[in-house]
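Residue 126 in full-length UniProt numbering sits at position 126 of the sequence shown, with consecutive numbering throughout. Quick reminder that beta carbons are idealized off the backbone N, C-alpha and C, glycines included. Computed from a prediction, not measured in an experiment: that's the story for all the values here.
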Amino acid sequence: MPRRSASTPSLSRYWNGYVDHCAGSVARFRRITYALPAGPARTWLGEIAQRLDVELDAVRRLAIVGDSIEPRWFRVREAPAKRIAQRLEAARTAFADAVSQAAEVAEQVALDPAHSDVRANLEVLSRQASQLALTPAPPEPEPEQPRRRRRRRERA
């Protein structure tokens, strides 16, 4: 059964989108886990799902901070809010990747439970599931140098 955290304060549409997407990924991950027969793969995916719950709580906290800086409906403009949005975007991608890998593991278990690739994929997934939301934000691009405007000389 998915773990429920304390209720999230009302977030603006922009920030809530990140939380909803990540929460949906965790729910899909759990559905995949429960679809597996009892065994080591299901146990391991269950442990990873618990770590995803912790990461989802971190996503919620980041979204709350972002919303407190700049509550928005569509996009953010403030530098600190943009930095948080970049982290949340990276987390959203990582959560989706975790679901994709869990689906791959489930497929392998369904076809051949003793296959060695299952264990290898589970180990990779386990490493990736740690600290999804806490990864550092990608570096910001270098600011462009302002261009100088040249004045035209008036011809007499």
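Measure how close the beta-carbons of ILE69 and PRO80 come, nearest whole angstrom, since I'm counting them as under 8 Å.
5 Å
Between which residues of its own chain and ASP67 is the CB-CB distance below 7 Å, once the five residues before and five after are set aside?
LEU11, SER12 and TRP15
Which whole runs of the alpha helix (DSSP H) in the region 1-72 are 4 residues long or more, in chain order?
13-35 and 40-69
ARG28 versus VAL99: straight-line alpha-carbon distance, rounded
7 Å
What does the Cβ neighbour count give for GLN108, buried or exposed, with the cut at 16 atoms within 10 Å?
buried
Determine, using beta carbons only, whether ALA106 and LEU36 come nearer to each other than 7 Å.
yes
On the three-state DSSP scale, how would you describe ASP97?
helix
Tell me which same chain residues have a C-beta within less than 6 Å of the C-beta of ALA96, skipping the five on either side of it?
SER25
ALA110 burial status per 10 Å Cβ neighbour count (16 or more: buried):
exposed
Inter-residue CB distance, CYS22 and ARG92 (contact presumed, cutoff 8 Å)
6 Å
I need the DSSP call for GLU78, collapsed to helix, strand or coil.
coil
With distances taken between CB atoms, is the gap from ALA102 to ILE32 smaller than 7 Å?
yes
Is it buried or exposed, residue 245, if we count other Cβ atoms within 10 angstroms and call 16 or more buried?
What the structure shows of the chain is the stretch from 1 to 156, and residue 245 is not part of that stretch, so it cannot be assessed.
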